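The next block holds one structure in the form of C-alpha cells; read it before the comments.
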Amino acid sequence: MQTFSSKYLGLIFAFLLLMLLPTLSDAQTCNKGWGIGYTIVQSTCQSNGVVTLGVTGVTTGLNNINYRLKQIGGPLTFGPSNNNVFTGVPSGRYTVEVSAYCATDPSYFHTKSVPIQVGGNYTPPTIVLHSGRSRLSDQNCPSGIISLDVKFGLKPYTFRILEAPAGETVPSEPTFTQASTYFYDFDRQDYPAGHYKVEVEDACGYKTNTEFDLDGGDLLFTPRVMSSRFYADVDGQRGLDCNTLRYYCVAEFPAGTAGGMMGRLWRDGLYEVALAPTGQTPTNWTEWVRTDNGVVNFDMTPHHSQDFTAKNSLELWVRFKNCPTRVKSCGTFEIQPIYFYTTFEDMPCEQYRYYAQLSYGANGLFCYPLHYTITRNSDGAVVYDEPNWLKSTHGDGKSTAQLDYYEKYTLRVEDAAGQVHTQQVIRNREIHPTYERLCDGYNLLISPTGKADCTAPLIATLYSVQGATLTKVCEKTLAQDEHPETLCGKLTYGKLYRVIITYPSGKPLAQTNIILYNQFPEGFKTVNISYNGTMRHRGNTRFLPTPNGRVFPAGAILTLTRDDTGEVIKTETLTAARTYFDTGDKDMPPGSYTLTADMNCGTPMQFHYDHKGYIDITDVGYTAVETCAGLEITPTATATFEGGPNLPDGTLVKPYFRLIRSVGSVNPPVVTNGGKIVLPRAAPGEYEIGVAAHPNVSMAIERIPISWAPKSLSLVGTATAAYACTPQGGTTPQGHILLKAEGGVPPYHFEVWNAANTAIEPTAPVVTSATGEVEINYGAPQTSYTIHVRDACGNEFPQRVTLHDFSNPVFAGTTTPNICAGDDIHLQCVNLGTVTYQWSGPNGWTSTDKNPIIPHAREAASGTYTVAVTVGNCGAPVSSSVNVKVRTCEVLVNPHLRSVPQE
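With my numbering applied, the sequence shown covers -17 to 885.
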C-alpha cells in the first residue's frame, strides 16, 4: 500500500513536468511536419547535373522557403535561393538544406537537411597521336596516315583539323574509322608532310587538341645493289628466258626514325622499282613487294643479260607508286662475269679432286645450258667434258674432276648466250708446320697434306740455311696422314731452316723455309678496344706484348688484378700462343691494375697499368616546361671517356637521353644535350629517363625520374561567383562574374554566351588572363549565362552560372537555426570570390571568417547574425542576416524520485 508521501510526491512531479513543457517546445505555432523532396539528373559532363528541390508534407504556416546545395568535403555551394532548381551541378555528394520561415513569426525559421548523391564519372577527353598506327609522309609525296589515341570524355567525338600544311583546308572535319576502343584512324592515307593540330570535341562540348609533325623527310631511299644476284635462267625451273633479269631487291634502311618509316612505306607497298640501260628512261616499273624472297623480274627485251657486262651499263630506279614523278636513281652497275667457287680434296698419293661450283648455284649470271671443259695445259688433252650442264641435273651445283698435283689445267665454261669464262687450275701438296715454343728454343712439327689410305711414305729432310748453302740437320720418314710429327728435336730461335718433302721415288712434294724468333714479351702496351656506352666504366682493354712481334706463349697463365682491392678481373691459361690478352667486357673503374704473366720460364713477369676508366656520366639534370604538347623536358649531362671529352676515334662523346620507363605507347626520339623529350598531356604517370653514352640506351648509366600529372582545364570552385548589385551612385544593377581557371596551359580566354549555350552575348566583354583569375562585369540579376573557358591550347568547356540578386540579398545561412545550449553555432555565406566578410551578432560578437563557428553557445547567443560583404563596385557593403535560437533543453529531476514506488 502506497504511503501519502509517495502518492502525492508523484503528483507533484507530474505537475512540475507539465509546467516545464513550454520550455521544451517552440513558442510559435508553425507546423514542423514538412519534409524535403528532390529529383536528380546526373551529370554526364563536367557540371551539367540538375537538382530540383521541394517541400513535402504539411506546409501550412510556412513562408519564404530558401534552398541551398552544399558539396560535402568540397568548396562548392549553390544558394541559398528562393529558386528550387539548381543547374550546372558537378557529380559528387551534397547536403540539401531547406529553410522555411514561420508566417506568424517571421523571426523564426526551421531548417532541415538531407544528403544526396549526384551521379556521374565524367573525365575530360585526352588525345595523342598513335605513333605506331600513324605514318609519316615523304616531304614531296603525300603519304601520311593519322591515327589518334582518344580516351575519356563523352562520345560521340567530333574531330577537327585546325592546322595543316599549305594546300590543306582548315579547319576541316575528317571522316574516321574507330579501329578499337581508343584508336581512331582518319580515312585518308595521303596527308602531306608538315605540322598538324587536331582537335577532338566530345558530346559535352569539351575540346582538347594535340600537335604533331608528319614530316618524314626524304623517304625515297636507295636499296643496296646486289648485282651478283642478277641472272637469266632457262633451266626450266624458273620459266624465264634470257631477256629477263631477276633482281633480289635488298631493302636496307638507315637507322633512326626515318629508316623505320621507310620500312613502313615498303611494307605498305608504296614503292616501285625499275631497271633500264644506263641513261634510258625506265618503263618496266614493278611493285616492290616482299614476295618470292624479294626477287623482282625485269623484262629487259630486246636486251640480253650479256649486254650488261660493261661497266655501269645498268641503272636501278625507285619511285613512289602514288607519285610517279617522284623518281630516284639508285646507282649504276653491271652484271659481273661468270665466276666459280673452286675447292680441292686431297686424294691418296699423287692426285686430288677438283670441284668447280657456280658462284650462287642456279643464280649464276648466264643462260643455261652450260658447256664445261677442263684441259691439261702441258699437252692440250681434255680431261673433263660436259656439254649440256643443267642445274636441275646437278643438285649440289658442282662439277668434279680428278687431277694430278703440279699439273696446270684450264677450266672453260660457255653459256647458251655464248658468254665464256676461263680459269687456271693448279694444286701442289703443302707443308703445315706447327711449333711448340720453349723458353730457350722450339720444336718443329710437320703435317703434310695427305690421306692415310696412301701407303707410300714421305721423306722429310731438315736443312740449316746459310746463304746458298744447305746443311742437312736430320731426315725422317712420315706417314701420309694429317697427324703432325716432331722433326729433329729442339731448334734454335732466329736461325733459318728449310724443310723438303719428297716421295720415295725422289719426286718433290713440297718445301718451305722456316725461321722462328723468340717472342716472349719484354713489356706491354694497352688499348681500349671496346667500351659499353650504357654502363659506367665497363669495357674491354687489350694488352699487347712489346716489342712488336712478341707473343704470350702457349701454356702461359695471365692474371689481371685490381691493385687497391686485390680483385681478380680475369685469369686465363692460353692453349695456343697469342699476340694479345683481352680483359673481356668487364667493370673496370679508374685505378691501378697489374697483369701477371706466368710463362713457365722462371719468375712470372708483372706489368703495372694505370687505367683511366671508360665511359662516365656526371652532372645530370633537366628543366621542364609545360606546353600544349605536354611536359617539355630538356635533360643535360656530361659524358666522358677515360676522363676526357673524346672517344678513341676523336669524336666527341655525347650523353644520350631516352625514356626507359613510359606510359602507354609514348616513345619520343632519343636526344642528346640540347634536345627535348615531350611527355604528352594525354599520358600522365611516372616516367624515367635513362642516360647513357650510346643512342640505344638499352641500359642506363644514370636515371632521371619524372612524375607527370597535368591538370585538365577546370574552374576553381572557391574563386568562382556571380552576383549583381547597383554600384554606388548608380540606378541600374551591374553584373559581376568572378572566375578562376586552373589546369591546361595559360593564358586563359573567357567568353559569355547565353543560357542555352547557342550564341555569344554580343555586348559581353571577352577577357584573357595569364593567371586564370578574372572578373567580367556583365549580366542581369537572377539571370543565367554560359561561360566558355578556353586555354592557350584550345582546350575548352562551357560552365553555367546564375547571378545572385544583391538588391534582395539572401546569402547568409546556418545549419544550426535551433540548437540546445552548449552546442555549436555554424554560420555560412555563399561563395562570393575574394572578398572581406564581416560578421556581427548578439553580445558584440564579430568574425571575419567566411563560415564562422561559435562553440558551446548559451541562451544569450540567440538572435540575429548579419554578414556584411563589400564586393565589386557595389558601393556600401551588402548585408544578409540569419536568425539563431539557443534554448535550454535539459530538465533537472531529483534522482531520488526515480525510485518512488508506483501504485
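We put the beta carbon where it would ideally sit given N, CA and C, even for glycine.
Note that this is a predicted model, so its numbers are computed, not measured.
Put simply, of R643, E624, A82, G726 the residue whose alpha carbon is nearest the alpha carbon of T190 is G726.
At a Cβ-Cβ threshold of 8 Å, E297 and S311 count as neighbours. DSSP, read as helix, strand or coil, puts R782 in strand. Distances from the alpha-carbon of T818 to those of P837, E841, R640, V851 put V851 closest. Distances from the alpha-carbon of W690 to those of S129, G823, T404, G612 put G612 closest. L257 counts as buried, since no fewer than 16 other beta carbons sit within 10 angstroms of its beta carbon. Ranked by Cα distance from D773, the first of H731, D592, G804, T784 is H731. The closest CA to that of V849, considering only H286, F793, A843, is found on F793. G238 and P677 have their C-alpha atoms spaced approximately 10 Å apart. Taking a cut-off of 8 Å on C-beta distances, the segment 545 to 556 touches the segment 570 to 590, as three or more cross pairs fall below it. The Cβ atoms of S125 and P72 lie no closer than 8 Å to each other. In this structure the segment 623 to 640 does not touch the segment 94 to 107; the number of beta carbon pairs closer than 8 Å is below three. Per DSSP, the beta bridge partners of G36 are G19. Judged by beta-carbon spacing, A82 lies within the 8 Å limit of V37, meaning their Cβ atoms are closer than that value. Under the three-state reduction of DSSP output, L372 falls in the coil class, being neither helix nor strand. Within the model, the alpha-carbon separation for C856 versus T798 is close to 30 Å. For the beta strand (DSSP E) assignment, the uninterrupted runs of no fewer than 3 residues enclosed by the segment 351 to 417 are, from N- to C-terminal side, 352 to 358, 364 to 371, 380 to 386, 391 to 396, 402 to 407. For R520, there is no enclosing alpha helix (DSSP H); the residue is part of the beta strand (DSSP E) that begins and ends at 520 to 528. Distance from the CA of D289 to the CA of A559, rounded to the nearest whole angstrom, comes to 53 Å.
Residue pairing by DSSP leaves L136 without any beta bridge partner.
Under DSSP, R663 forms no beta bridge with any residue. Within its own chain, the residues whose Cβ lies closer than 6 Å to the Cβ of C27, once the five positions on either side in sequence are excluded, are Y104, C186, listed in chain order. The beta carbon of I807 is closer than 6 Å to those of T798, I836, A839, V866 in its chain, skipping five residues each way along the sequence. Cβ neighbours of A664 within its own chain (closer than 6 Å, five residues either side excluded): T108, I109, V110. In the three-state scheme derived from DSSP, where H, G and I count as helix and E and B as strand, T714 is classed as coil. Secondary-structure assignment with DSSP links R115 through no beta bridge to anything.
Under the DSSP definition of a beta bridge, W735 partners with I742, T768. DSSP places L498 in no alpha helix (DSSP H); its state is neither H nor E. Going by C-alpha positions, A674 is about 22 Å away from A240. Per DSSP, the beta-bridge partners of K507 are L526. The three-state secondary structure of P728, taken from DSSP, is coil. The residue from C775, A737, G754 with its alpha-carbon nearest to that of R782 is A737. As summarised for the segment 434 to 482, the continuous beta strand (DSSP E) elements at least 3 residues long and confined to that stretch are 440 to 448, 451 to 460, 467 to 473, given in chain order. The continuous alpha helix (DSSP H) containing G245 extends over residues 239 to 249.
A buried status is given to T226, since no fewer than 16 other beta-carbon atoms sit within 10 Å of its beta-carbon. DSSP, reduced to helix, strand and coil, places S287 within a helical segment of the structure shown.
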